[in-house]
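The sequence shown begins at 11 in this note's numbering and counts up by one. Just so it is clear, CB atoms sit at the ideal spot from N, CA and C, and this is done for glycine as well. Have a look at the structure below before the remarks.
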Amino acid sequence: MEVTVTKVTPKAEPSQDKPENGVKGLKYWKQDLVAGLIVSLVSVPLSLGIAIASGAPPIAGLISSIIAGLIFPFLGGAYCTISGPAAGLAPVVLCSILALGHGDLKSGYGLCLAVITMAGALQLILAYLKAARFSAMFPATAVEAMLASIGLLIIAKQIPNFIGHPAHAHEFFGILAEIPGNIMQANSEVVLIGGICLLILFTTGKLLARTKLRMIPPQLLAVTAGALLAQTFHLDPKFLINIPADPFKHGIVMPNFVGIFADPTLWWTVAGCLLTLTLIDGFESLATIMAIDRIDPHHRKSNPDRTLFAMGISNILSSLAGGLTIIPGGIKSTTNILSGGKTLWANFYNALFLIAYLLVARELINMIPLAALAAVLIHIGYKLCEPKKWFYVASIGPEQLFIFASTIAVTLYTDLLWGLIFGMVAKLLLSWLYSLQSTLERHHGHGPVTVKTLYLEFIKLFRNPVTSHDTVGTVHKIRFNGPVVCFNALHVQNELNKVPAHVKHLRLYFAPSVGLVDHTSASNILAFQAECSRMGHLRVEIIGLNLLKMHSKDESCMRHAHMNGWQHRKTA
């Protein structure tokens, strides 16, 4: 997953012609075939690099992409996403392998494959329970912090391959501490190759976007340049990719279920790895399909639960064949759209091309230097944690920057699971504090703050904030009377889903007793209003939200009630 998605403006076809998956989608085979070819050229370096970053054999990344392409199109759930191994999950997989193998990558990988199989089975259960909707309850800023942490972890863990000198540490700060000493022993030719590839990745994307060559993936240019430079320098084979002569016979590792069940001391570690893989995999999958839906020229909507089901099946099959975790990928999906891909058949053709490359172009793949793949991953990592993300979060409000920065710090010191838990707890405590403050302001600070008061304010964060809704003709009214926060987002979603089909005008009333509207909810409500406006079938009017005190100038910022705003409304 690479949730960061390049803004694209592909030419949209008439709204009545929305390509469908399945047999009906085969009529677009020419467009999907071309898109599949171009996507496959991106898949090769990404899949290889992600496998190496995950501590797995390079072939494992290609196996994952092939299985995803062969399976996902028949399971559906999305329309133009390309699935495969995810850079965002590489740090999680690597940490899982090291934890399960007690520091030994070789023995830990088979055990990790068994955990990935379990994660796939758990995803099937979650899909059956329609659990995808619960993703709305996670704070947007905490999730962004998780992604930024992943970006920083990717960059740190790829520095050894980028400079041609291995690191002894596996933790983020340990790797950073080794960098000064490792740089002194860096291989100059490897550094030059990595630097040139990184320069290509950061410059050619914007340059090509203005020309007819915009369909050429920058990743392909970088890897090609890296391979040519490696041959020119006669680079030592230890700095190159190594795919076995018979990859399907000698390069595949099978899951080690026996090792897990035979060693009770591993069970707690297995539980932690399973929970982390399932959560991060699910988050990134759902975040990516939503991001890709926004740039789909045909404005089709993915089915989150169906996608979760498809990912579960794909993960089970991938791990049984020795492959990595599978999720929709932002970079490959964006490339698919830019290349004219219409349906999931592009993913299928992508898999066929990858099989062909393995069978007839293995020697070419083995010419790719590890430094070039490291550059590709460092570029992805940078996109996940680039400075403009920090500035944007800061512009939303100081409390969001606190959640963002502290969650990243905790994640880097511990792991992704604990970081996400910290982010949620921090958001919950801040929401509780602001809700209590708003209640006290509305009552002019009268009365002591009792345990009962604290309890009631806490419970309100999880209750349905909607107290009434009615329909008069083609006008539907929804009245909010309690805090509107991410923790009760499911209630809000259900209320919006109940709006009758014949309604043309929806009014959302925010009463003084709302007290608090957090960033996640404000963002979702404004996005819902914008989507309805774009579709043209429903006019959404928001009343009272502007009277809540904004924490910044950003429209999606946190807001809480203050008496001056409502007194002004009464006197107006």
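- If you draw a straight line from the Cα of Ala532 to the Cα of Ala511, it comes to about 24 Å.
- Bridge partners of Met560 according to DSSP: Arg569.
- In the DSSP assignment, Arg143 falls outside any alpha helix (DSSP H) and carries neither an H nor an E.
- Comparing alpha-carbon positions, the option among Arg489, Ala137, Asn474 and Val509 lying closest to Leu500 turns out to be Asn474.
- Between the region 80-96 and the region 394-406 there are fewer than three inter-stretch CB-CB distances shorter than 8 Å, so the stretches are not counted as touching.
- Between Leu47 and the set Ala356, Gly433 and His479, the nearest pair of CA atoms involves Ala356.
- In the structure shown, Tyr89 adopts coil according to DSSP, grouped into three states.
- For Phe520, the pairing in a beta bridge is given by DSSP as Phe490.
- The alpha helix (DSSP H) runs of length 4 or more contained entirely in the region 51-131 are, from start to end of the chain, 68-85 and 100-110.
- Asp480: member of the beta strand (DSSP E) spanning Val476 to Val482, first to last residue.
- Assignment of His515 by DSSP, reduced to helix, strand and coil, places it in the strand class.
- The bridge partners DSSP lists for Glu551 are Arg517.
- Per DSSP, the continuous beta strand (DSSP E) segment holding Pro338 begins and ends at Ile337 to Gly339.
- With at least 16 other beta carbons inside 10 angstroms of its own, Phe82 counts as buried.
- Here Asp425 is buried, its C-beta having at least 16 other C-beta atoms within 10 Å.
- Listed as beta-bridge partners of Val527 by DSSP are Val494 and Arg569.
- In the three-state scheme derived from DSSP, where H, G and I count as helix and E and B as strand, Leu134 is classed as helix.
- For Tyr367, the enclosing alpha helix (DSSP H) covers residues Trp355 to Val370.
- Around the beta carbon of Gln410, 16 or more other beta carbons sit within 10 angstroms, so the residue counts as buried.
- Assigned with DSSP and collapsed to three states, Pro170 falls in helix.
- Beyond the five residues adjoining it in sequence on each side, Ser50 comes within less than 6 Å, by CB distance, of Asn360, Phe363 and Leu364 in the same chain, given in chain order.
- If you ignore the 5 residues before and after Gly111, its C-beta comes within less than 6 Å of the C-beta of Ser117 and Gly118, all in its own chain and listed in chain order.
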